[in-house]
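*Asks:*
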Amino acid sequence: TITPPREGIIKRWTWPAGENDGSVALLKGQEMGRFKLGSTVINLFAPGKVNLVEQLESLSVTKIGQPLAV
-6 TITPPREGII
4 KRWTWPAGEN
14 DGSVALLKGQ
24 EMGRFKLGST
34 VINLFAPGKV
44 NLVEQLESLS
54 VTKIGQPLAV
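Quick note, the sequence shown lines up with residues -6 to 63 if you use the numbering used here.
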């Protein structure tokens, strides 16, 4: 295991470090930003490990939150 499970532990990251005006605090899994100008995302999956959703086609446009696989 590369990262052992840490059940029940909530981590918090603050940027810049410390609690001050203008600092941003993020909990694990929270969105910290997004690309808005036609960003390219390349997903690589091991053969036979992922079932892609039926409506996904080559060069199709996807939107944030849209599932790619089940």
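Where is the CB? At the ideal position from N, CA and C, for every residue including glycine.
1) Determine the DSSP secondary structure at Val46, reduced to helix, strand or coil.
2) Is Val54 near the ligand FMN, in the sense that its beta carbon is under 7 Å from a heavy atom of that ligand?
3) Beta carbon of Leu49, beta carbon of Leu37: below 8 Å?
4) The beta strand (DSSP E) with Val63 in it runs from where to where?
5) For Asp14, which residues from the same chain have a beta carbon less than 6 Å from its beta carbon, with the 5 sequence-adjacent residues on both sides left out?
*Replies:* Let me spell this out:
1) coil
2) Among the ligands in the structure shown, none appear at all, so the ligand FMN cannot be discussed.
3) no
4) Unbroken run through Val63: none, as it is neither H nor E.
5) none
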